[in-house]
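Numbering-wise, the numbering used here comes out as the position in the sequence shown, counting from 1, plus 9. Virtual Cβ for every residue (Gly too), placed ideally from N, Cα, C.
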Amino acid sequence: GLRIAGTHDGYFKEDGPVVAAIRQSGADVVFVCLGAPKQEKWMAKNGAATGARLLCGLGGSLDVFAGVVERAPKFWTDHGLEWFYRLCKEPRRIGRMMKLPLFLIHVKQEKRHR
């Protein structure tokens, strides 16, 4: 069966204690929900040190799965516009959303240099 080995909020200054707690828990799978691109950077930097076999960056998806946040209505999801619906409901997200294209450009540039 599924055993939840631990939880932690995203409000921490030092990675070390969080990484140590994950490693000590023996977790095989870790869900990282810090939002893009923060969670991807965190997983790249700390993933191996956690000892976990799989790290999944879920962003706000876990809130949806848990029923804390409602999914967008069917029209929006059918047309691939859930992100826009979410932006209209939570305008504070716009700053983060504007950074996503820059992150993708950075990833492509990194890939090109390897």
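Legend entry - V38 burial status per 10 Å Cβ neighbour count (16 or more: buried): With fewer than 16 other Cβ atoms within 10 Å, it is exposed.
Legend entry - Residue span of the alpha helix (DSSP H) that contains F112, given as start and end: Segment I103 to R121, the alpha helix (DSSP H) holding F112.
Inset, instruction - Can you say whether A75 is buried or exposed, counting buried as having 16 or more other CB atoms within 10 angstroms of its CB? - result: Classification of A75: exposed, given that the 10 Å Cβ count is below 16.
Inset, instruction - Rounded to whole angstroms, what's the CA-CA distance from R95 to G35? Just pull it up for me. - result: Between the C-alpha atoms of R95 and G35 there is a straight-line separation of about 35 Å.
Inset, instruction - Kindly indicate which residue of R121, G44, D87 and G89 has the alpha-carbon position closest to the one of I103. - result: Comparing Cα-Cα distances from I103 to each of R121, G44, D87 and G89, the minimum goes to G44.
Legend entry - Distance, T16 Cα to Q33 Cα: Here the alpha carbons of T16 and Q33 stand approximately 13 Å from one another.
Inset, instruction - Could you tell me the distance, in whole angstroms, from the CA atom of F133 to the CA atom of L111? - result: For the chain, the structure presents residues 10 to 123; residue 133 sits outside this window and is missing.
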